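Trainee: What follows is a single structure, and I will ask about it in a moment.
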Amino acid sequence: MHEWYHYLLLIVVGFIVGFINTIAGGASLLSLPTLIFLGLPPAVANGTNRVAIIVQTAVATAGFKSKGVSTFPFNVYLGISAFFGSIIGARIAVDIDDAVFNRILAIIMISVVLIIIFKPKIQLDDLEERLAGKYLWIGIIVFFFFGIYGGFINAGLGFLMILFLHFVNKMTLIRANATKVVVVFTYMLSALAVFALNDKVNWFVGLVLALGNGTGAWVASRFSVRKGDGFIKSFLVIMVLVMAVKLWFF
119 MHEWYHYLLL IVVGFIVGFI NTIAGGASLL SLPTLIFLGL PPAVANGTNR VAIIVQTAVA
179 TAGFKSKGVS TFPFNVYLGI SAFFGSIIGA RIAVDIDDAV FNRILAIIMI SVVLIIIFKP
239 KIQLDDLEER LAGKYLWIGI IVFFFFGIYG GFINAGLGFL MILFLHFVNK MTLIRANATK
299 VVVVFTYMLS ALAVFALNDK VNWFVGLVLA LGNGTGAWVA SRFSVRKGDG FIKSFLVIMV
359 LVMAVKLWFF
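Quick note, the working numbering runs 118 ahead of the 1-based positions in the sequence shown.
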């Protein structure tokens, strides 16, 4: 990456990613391939993307909190569980062959497209939350495995978290999103540490991307969660399909 417009592209992509990730999820399927296409090795792109995600989720958490939306301490329990799972996933990611990683990413991108298209309809009516007892323990166990996947690649995990928190813990969409960003922030710290210790992070590129991610997250966290869903869904499907084909064949 040597051209000035590459960094401008990163800020623009980062804004879109931060916005989409905060109100839904899956937008790392845009930022991660973008970093690879701009010349970063896949493992370094994977690690560098974590810098932006940490900034994005920290800003989004502050935004949700400013609106009085919080699920503490439930989100902390899930975050700690995912934190330890993420160490395992990140360790796998730094050791995997670049070509294999690209193929796995392409498969995951197509899978997430199917989730976007066919995911169960989420009801936004008032729900009676289930955050204690067996539902808390189920969440802790499931989020440990979410953490492994998040540490490995993370792309598309936001959708799965939202679906789980809604259908198992009976959260509304906005509270599920507020929980998700805290959990992602927590486990992303351990994942970034693993990538950094293995010299798989381009800090300057990550901070440029983070500028866009953070701005998009702040706007989205203060924006109605119901606006723009149709556009975002269509945009993600088209972009993810294009990038998946390029990753697999080129």
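Beta carbons: idealized from backbone N, C-alpha and C, even for Gly. Predicted, not measured: the structure shown is a model, and the values here were computed from it.
Which residue wins for smallest C-alpha separation from residue 229, given the options 277, 301, 121, 262?
Mentor: Here the closest residue by C-alpha is 277.
Trainee: Could you spell out where the alpha helix (DSSP H) holding residue 215 opens and where it closes?
Mentor: Neither: residue 215 is in no alpha helix (DSSP H) and is coded neither H nor E.
Trainee: Excluding five sequence neighbours on each side, which residues of the same chain lie with their C-beta closer than 7 Å to the C-beta of residue 287?
Mentor: These residues qualify, in order along the chain: 247, 248, 249, 253, 257.
Trainee: According to DSSP, is residue 273 part of a helix, a strand, or is it coil?
Mentor: Note: residue 273 maps to coil in three-state DSSP.
Trainee: Which residue marks the beginning of the alpha helix (DSSP H) containing residue 293, and which one marks its end?
Mentor: Segment 291-315, the alpha helix (DSSP H) holding residue 293.
Trainee: Since residue 140 is in the alpha helix (DSSP H), which residue starts that stretch and which ends it?
Mentor: First-last of the alpha helix (DSSP H) with residue 140: 122-141.
Trainee: By alpha-carbon positions, which one of 264, 263, 162 ends up nearest to residue 215?
Mentor: It is 162.
Trainee: So residue 285 packs on residue 200, CB below 8 Å; how close in whole Å?
Mentor: At roughly 18 Å, the Cβ-Cβ gap does not stay under 8 Å, so residue 285 and residue 200 are not in contact.
Trainee: Specify the secondary structure class of residue 176 as computed by DSSP and reduced to three states.
Mentor: In the structure shown, residue 176 sits in a helix (DSSP, three-state: H, G or I).
Trainee: Can you tell me whether residue 336 is buried or exposed? The criterion is at least 16 other CB atoms within 10 Å of its CB, across all chains shown.
Mentor: Burial call: buried.
Trainee: Closest to residue 143 by C-alpha separation, out of 224, 151, 275, would be which residue?
Mentor: For the residues 224, 151, 275, the minimum Cα distance to residue 143 belongs to 275.
Trainee: Apart from the five residues just before and just after residue 314, which ones in its own chain have a Cβ nearer than 8 Å to its Cβ?
Mentor: Within the same chain, residue 314 has close Cβ partners 165.
Trainee: By how many angstroms is the C-alpha of residue 131 removed from the C-alpha of residue 139?
Mentor: The straight-line gap from Cα to Cα measures roughly 12 Å.
Trainee: Are three or more beta carbon pairs between the stretch 200-212 and the stretch 172-187 nearer than 8 Å?
Mentor: The answer is no - the stretch 172-187 does not touch the stretch 200-212, with fewer than three Cβ pairs under 8 Å.
Trainee: In terms of residue numbering, what span does the alpha helix (DSSP H) encompassing residue 151 cover?
Mentor: 146-155 is the extent of the alpha helix (DSSP H) around residue 151.
Trainee: Straight-line CA distance for residue 133 to residue 145?
Mentor: Cα-Cα distance, rounded: 10 Å.
Trainee: Can you tell me whether residue 168 is helix, strand or coil according to DSSP?
Mentor: Looking at residue 168 - three-state DSSP - the assignment turns out to be helix.
Trainee: Looking only at C-alpha atoms, which of 220, 204, 283 sits nearest to residue 267?
Mentor: Comparing Cα-Cα distances from residue 267 to each of 220, 204, 283, the minimum goes to 204.
Trainee: Considering only their Cβ atoms, is the gap separating residue 187 from residue 296 smaller than 8 Å?
Mentor: Cβ distance < 8 Å, so residue 296 and residue 187 count as in contact.
Trainee: Between which residues of its own chain and residue 302 is the CB-CB distance below 6 Å, once the five residues before and five after are set aside?
Mentor: Excluding residues within five positions, the ones whose Cβ falls inside 6 Å are 175.
Trainee: For the alpha helix (DSSP H) containing residue 322, name the first residue and the last one.
Mentor: Counting along the chain, the alpha helix (DSSP H) containing residue 322 begins and ends at 321-339.
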